[in-house]
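This report refers to the structure that appears directly beneath it.
Chains as they are written, first to last, in my numbering: chain A, 176 to 315; chain B, 709 to 1168.
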C-alpha cells in the first residue's frame, strides 16, 4: 500500500522561533563572506556577533557563534595556505596552483557546505553545530 | 505503486542499470589504457573505448529519465498513462538501437560503420558525444517524440502540477535541442557553435529541469512537506538554471573562432551557474529539516540528499574553477575539464537517476514503501563507495590537470602533449584504483537488488 502524506508525522517546524531571523542573517553573512562579498560579509557578521552574542535568543546566539568561529577558521586557513605557498617556493612556483586549487575545492568548498547546512537549519529554527570547527551550543 | 501503468518504468530502470555497468567497465578499460597504451589493442582501441564509455553514459541516463517520467507522470497527473503499450514498444526500440550502436562501435571500424549506416546521405557522425550513426539518431528522435506524445497526452487529461510541467518542459527541450545534432555545417566554427547547443544546452540547461523535477518529486514523497513550498523552490531553481545556463553556453565559445565578446558573456553568466546548484542544496536540506514524516527508505533519501551536494561540488565548484576566460585560456581541454565532467555528471545526473530508482524500485517490486534493512545497508555501502571513489577520481584528475597545465602551457620550456602524459602517469594510476573501487561500489548496488528480498521491509 502506498503511504499517505499524513503517515509518520514528525513535529511541525513551520513556526518562527525567537532569534530565527538573526540566525538566518548570520549564516547568510558567513556565506556572503565566502562567496560574493569577501571581507564585507565578515565585517557585518562581526558587528552582529559583538552586538548580539550575549543578549539574543539562544538560537541566534548559537548561529552567530558558529559562523563567527568558522569565519575565523577560514581566515586562519587562508594564512596557512599562503604560508604553504611561500614555503614551497613562492608565488611563481608551479606548486602555487596545486595548493590554491586543492584549497578551493576541498577546504573552501567544505566551509560553503557547512554554511549551507547551517543556513537550512537556521531557516527551520534549529540549532547547528559546525562539525570539527564549531563550538558546542550549550543551549542546544 | 498507485497506478498500474507506472510499471512500464521498471524495464527502463533495469536497462539503465545494466548499461551503467557497461559504461563503468569501459571506464576501467579506458583508465588502464591511459597508462598501458596497448591494453586490449587492437580489439578495443582507445578512441572506441572512450566513445562507448561516453555514449553509454548518455544512453543509460536517457533510459533513467524516461523511466522517471513514466513513473512520475501517472502519479502526479493522477491518471493512468495514455498508452503503456507505446511506452513498452519504445523501450525495445531504444534498447535495440542503443545495443546495436554499441556493437557497431566495437565490431567494425568507425569509418565502415558510417558507410554501412548511410552517413553519406545525411552526414551527422564523427563529432564527440554525437558519434551515433544517423539512423540511430533518427531512432532517438522517434523514441523521444513517442515519449513526449505519451506523457503530454497523459498530462493533458490529468492534473497539471508544477513538477510535471517542469519535467515535460525539460523533456521537450531535450528532444528539440537534440535536433541540432542533424545540423552539420562545413564551417568548423558554426559546427562547434551548434554542437554545443546539443551538448551544453542539454547538461547545463534542460537536463537541470528534469533533475529538479525528479528531486522535487522524491522530496515531496519522502518528506511529506507541502507541495506548494517545494514547487516555489523548484520555480526559482529552474529560473536560475535557465538564466545562467543559456547564455552560459558562451564559456564554450572562448577559443573556437567566435567574436571576443563571448569571453565576457561566457565568463559572467557561467560564473552564476553554480547558484541553482547551491540553491538545490539549500532546498533539499531545508525540506528534510521541515519533514513531516520519517520515510523508511533511507537509501533513497541518501541518494536524494547526496545529489545536490555532489552536483554543487562537481558542476558548481569544479565548473567555476575553470570557467572564467582568463583561467580557461590555460586549462581548456586538459584533465581539469575531465575532473569537472566526472564529478558533475555523477552528482547531477547519475545520482538523481539512482535516487528515483531507489525510491521507485521497491514500489515497482511490490513493496509498500522500502526494501528490507539488509538490502538498504548494502545499497548505502554502494552509495558511499561510489561517491567517495568519484571524489578521489576527481581529485586525482585535478592534480593531473594542474601539472599538465603547468608543464604544457605555463612552463618557460613547454613540453609536448605525450611527454606530459608520461609525467602525470602517477595520477592516472591512482585514478584507476579509485575507478576500480567505484566499480566495486556499483557491483554492490546491483547486489542490493538481490539481497534481503524475503525479509520484512524496513520500518521508519
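Using N, Cα and C, we set each Cβ at its ideal position, and we do this for glycine too.
My assumption, with CB atoms under 8 Å, is that residue 921 of chain B sits in contact with residue 956 of chain B. Please give the rounded CB distance. Here residue 921 of chain B is taken as the residue at index 213 of the second chain, counted from 1. Here residue 956 of chain B is taken as the residue at index 248 of the second chain, counted from 1. That belief does not hold up - the Cβ atoms of residue 921 of chain B and residue 956 of chain B are roughly 20 Å apart, past 8 Å.
Is the beta carbon of residue 739 of chain B closer than 7 Å to that of residue 1139 of chain B? Position 431 of the second chain, counted from the start, is the residue given in the question as residue 1139 of chain B. Position 31 of the second chain, counted from the start, is the residue given in the question as residue 739 of chain B. Yes, the pair counts as a contact, with Cβ atoms nearer than the cut-off.
Per-residue DSSP class, three states only, for residue 751 of chain B: Working through the second chain from its first residue, we reach residue 751 of chain B at position 43. Looking at residue 751 of chain B - three-state DSSP - the assignment turns out to be coil, as it is neither helix nor strand.
So which residues on chain A does residue 986 of chain B lean against when the C-beta distance must stay under 9 Å? For the purposes of this step, residue 986 of chain B is taken as residue 278 along the second chain, with counting starting at 1. Within 9 Å Cβ-Cβ: 206, 210, 287 and 291.
Under the three-state DSSP convention, the category residue 889 of chain B falls into: On the second chain, position 181 is the one that residue 889 of chain B refers to. Residue 889 of chain B falls in the helix class under three-state DSSP.
Determine whether the Cβ of residue 993 of chain B lies closer than 7 Å to any Cβ atom of chain A. Here residue 993 of chain B refers to the residue found at position 285 when the second chain is read from its first residue. Yes - at least one Cβ of chain A is within 7 Å of the one on residue 993 of chain B.
Does the region 773-786 of chain B come within contact of the region 755-765 of chain B, defined as at least 3 CB pairs closer than 8 Å? no
Less than 7 Å between C-beta atoms, sequence neighbours within five positions excluded: which residues of the same chain meet that for residue 1128 of chain B? Position 420 of the second chain, counted from the first residue, corresponds to residue 1128 of chain B. Closer than 7 Å at the Cβ level, and outside the excluded window around residue 1128 of chain B, lie 1112, 1115 and 1116.
State whether the region 232-245 of chain A contacts the region 264-273 of chain A, with contact taken as three or more CB pairs (one from each stretch) at a distance under 8 Å. no
Quick one: give me the first and last residue of the alpha helix (DSSP H) that residue 949 of chain B is part of. Position 241 of the second chain, counted from the start, is the residue given in the question as residue 949 of chain B. That run of the alpha helix (DSSP H) goes 935-956.
Throw me the rounded Cβ distance for the residue 851 of chain B and residue 907 of chain B pair, which I believe falls under 8 Å. Residue 851 of chain B sits at position 143 when you count from the first residue of the second chain. Residue 907 of chain B sits at position 199 when you count from the first residue of the second chain. At roughly 19 Å, the Cβ-Cβ gap does not stay under 8 Å, so residue 851 of chain B and residue 907 of chain B are not in contact.
Alpha helix (DSSP H) segment containing residue 915 of chain B, residue limits: Taking the first residue of the second chain as 1, we reach residue 915 of chain B at position 207. From DSSP, the alpha helix (DSSP H) with residue 915 of chain B extends over 915-931.
On the premise that residue 1022 of chain B lies in contact with residue 1055 of chain B, defined as a C-beta separation below 8 Å, what is that separation, rounded to the nearest angstrom? Residue 1055 of chain B sits at position 347 when you count from the first residue of the second chain. Residue 1022 of chain B sits at position 314 when you count from the first residue of the second chain. So it is a contact: roughly 4 Å between Cβ atoms.
At a CB-CB cut-off below 7 Å, which residues of chain B make contact with residue 284 of chain A? The sequence position of residue 284 of chain A within the first chain is 109, counting from 1. Those are 1021 and 1025, listed as they occur along chain B.
Using a cut-off of 8 Å between C-beta atoms, extract the partners of residue 279 of chain A located in chain B. Within the first chain, the letter at position 104 stands for residue 279 of chain A. Result: 1025 and 1029.
So residue 279 of chain A and residue 1029 of chain B are supposed to be a Cβ contact under 8 Å. How far apart are they, rounded? The residue given as residue 279 of chain A occupies position 104 in the first chain. The residue given as residue 1029 of chain B occupies position 321 in the second chain. Going by Cβ atoms, the distance from residue 279 of chain A to residue 1029 of chain B rounds to 7 Å, so yes, they are a contact pair.
Would you call residue 926 of chain B buried or exposed, if buried means 16 or more other Cβ atoms sit within 10 Å of its Cβ? Within the second chain, residue 926 of chain B is the residue found at index 218, counting from 1. It is buried - the Cβ of residue 926 of chain B has at least 16 other Cβ atoms within 10 Å.
Taking C-beta pairs closer than 7 Å, name the residues in chain A that residue 1114 of chain B reaches, listed in chain order. For this step, residue 1114 of chain B is matched to residue 406 along the second chain. Going along chain A in sequence order, the residues near residue 1114 of chain B (Cβ under 7 Å) are 269 and 272.
If you measure beta-carbon to beta-carbon, which residues of the region 1107-1136 of chain B are closer than 9 Å to chain A? 1107, 1109, 1110, 1111, 1113, 1114, 1115, 1118 and 1119
Is it the case that the CB of residue 276 of chain A approaches a heavy atom of the ligand MG more closely than 6 Å? This structure lacks the ligand MG, and indeed carries no ligand of any kind.
Under a Cβ-count criterion, where at least 16 other Cβ atoms within 10 Å of its own Cβ denotes burial, should residue 832 of chain B be classed as buried or exposed? Stepping through the second chain from its first residue, residue 832 of chain B is reached at position 124. With 16 or more other Cβ atoms within 10 Å, it is buried.
7 Å Cβ cutoff met for residue 1101 of chain B and residue 1063 of chain B: Counting from one through the second chain, the residue named residue 1101 of chain B turns up at place 393. Counting from one through the second chain, the residue named residue 1063 of chain B turns up at place 355. Contact flag unset, no.
Residue nearest to residue 194 of chain A in terms of C-alpha spacing, selected from A:265, A:216, A:214 and A:229: Position 19 of the first chain holds residue 194 of chain A. Closest option to residue 194 of chain A, Cα to Cα, is A:229.
Let's see if you can read the secondary structure: which residues bound the alpha helix (DSSP H) around residue 312 of chain A? The residue labelled residue 312 of chain A in the question sits at position 137 within the first chain. Segment: none, residue 312 of chain A is in no alpha helix (DSSP H) and carries neither H nor E.
Can you tell which of B:812, B:775 and B:811 has its C-alpha closest to the C-alpha of residue 796 of chain B? Residue mapping note: residue 796 of chain B aligns to position 88 of the second chain, counting from 1. The residue with the shortest Cα to Cα distance from residue 796 of chain B is B:775.
CB contact below 7 Å: residue 715 of chain B versus chain A: Taking the second chain and counting its residues from 1, the one referred to as residue 715 of chain B is at position 7. Not one chain A Cβ lies under 7 Å of residue 715 of chain B.
Tell me, please, whether the CB atom of residue 1158 of chain B is closer than 7 Å to any CB atom in chain A? By 1-based counting over the second chain, the position of residue 1158 of chain B is 450. It does not: the Cβ of residue 1158 of chain B has no partner Cβ on chain A nearer than 7 Å.
Use the C-beta contact count for residue 710 of chain B: other C-beta atoms within 10 angstroms, 16 or more gives buried, fewer gives exposed. Counting from one through the second chain, the residue named residue 710 of chain B turns up at place 2. The residue is exposed, with fewer than 16 neighbouring Cβ atoms inside 10 Å.
Using the beta-carbon count (16 or more within 10 Å), is residue 298 of chain A buried or exposed? Here residue 298 of chain A refers to the residue found at position 123 of the first chain. Result: buried.
Residues that residue 190 of chain A bridges to, as DSSP identifies them: The count along the first chain starts at 1 and reaches residue 190 of chain A at position 15. Looking at the DSSP assignment, residue 190 of chain A forms no beta bridge with any residue, so it has no partner.
Tell me where the alpha helix (DSSP H) around residue 835 of chain B begins and ends. Indexing the second chain from 1 puts residue 835 of chain B at position 127. No alpha helix (DSSP H) contains residue 835 of chain B, which DSSP labels as neither H nor E.
Using a Cβ cut-off of 7 Å (strictly closer), state whether residue 872 of chain B contacts chain A. Numbered from its first residue, the second chain carries residue 872 of chain B at position 164. Output row for residue 872 of chain B: interface = no.
Starting from the Cα of residue 731 of chain B, find the closest Cα among B:717, B:713 and B:760 and give me that residue. As a position in the second chain, residue 731 of chain B is number 23, starting the count at 1. Comparing Cα positions, the closest option is B:760.
Rounded to a whole number of angstroms, what is the C-alpha to C-alpha distance between residue 1011 of chain B and residue 946 of chain B? Working through the second chain from its first residue, we reach residue 1011 of chain B at position 303. Working through the second chain from its first residue, we reach residue 946 of chain B at position 238. Spanning the two alpha carbons is a distance of roughly 20 Å.
Within a Cβ cutoff of 8 Å, which residues of the same chain sit near residue 867 of chain B, ignoring the five residues on either side of it in sequence? Translated into the one-based positions of the second chain, residue 867 of chain B becomes position 159. Counting only Cβ-Cβ distances below 8 Å, and skipping sequence neighbours, we find 784, 785, 786 and 787.
Residue 990 of chain B versus chain A: which residues are under 7 Å apart at the beta carbon? Position 282 of the second chain, counting from 1, holds the residue named residue 990 of chain B. Within chain A, the residues near residue 990 of chain B are 291, 294 and 295.
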